[in-house]
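J.: Supplied in structure tokens, the structure appears directly below.
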Amino acid sequence: MAGKVGYEKDVKPLFSSSQRECMLDRFDRWNYEQTKSKVDKIVQRLKNGSMPDDDTAPWPPERIAIVQKWKTDGLLP
């Protein structure tokens, strides 16, 4: 992915509404601050296949890489 990765334009759209709903009791994936604070746990769970939680297929490595690049790029809003 060329350029810097940002939460609003690149990361937030990766999470479907059903993926958001199943985690609202713990944190809101559509909330920048909450997602930013849990980025390491999110990446770990995406890599080990325990996320997404809504019975959809595991994310492909290319999609996980976007979240990792977001962290590397400084967790831009």
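Just so you know, we're using the numbering used here here: the sequence shown kicks off at 155 and counts up by one. We put the beta carbon where it would ideally sit given N, CA and C, even for glycine. Small disclaimer: the values here were computed from a predicted structure and weren't measured.
Just the Cα atoms here: how many angstroms apart are Pro-215 and Gln-188?
T.: Mapped onto the sequence shown, residue 215 falls at position 61. Mapped onto the sequence shown, residue 188 falls at position 34. In a straight line, the C-alpha of Pro-215 is about 23 Å away from that of Gln-188.
J.: Can you tell me which of the three DSSP states Asp-194 falls into?
T.: The count along the sequence shown starts at 1 and reaches residue 194 at position 40. Reduced to three states, the DSSP call for Asp-194 is helix.
J.: Going by DSSP, what residue range makes up the alpha helix (DSSP H) through Arg-215?
T.: The residue given as residue 215 occupies position 61 in the sequence shown. Inspection of the sequence shows that residue 215 is occupied by Pro rather than by Arg. Taken as a continuous stretch (DSSP letters only), the alpha helix (DSSP H) holding Pro-215 covers 215 to 226.
J.: List the DSSP bridge partners of Gly-203.
T.: The residue you call residue 203 lines up with position 49 of the sequence shown. For Gly-203, which the question treats as bridged, DSSP gives no partner whatsoever.
J.: Just mark Pro-206 as buried or exposed, buried being the case when its beta carbon has 16 or more other beta carbons within 10 Å.
T.: Locating residue 206 in the sequence shown gives position 52, counting from the first residue. The residue in question, Pro-206, is buried, as its Cβ has 16 or more Cβ neighbours within 10 Å.
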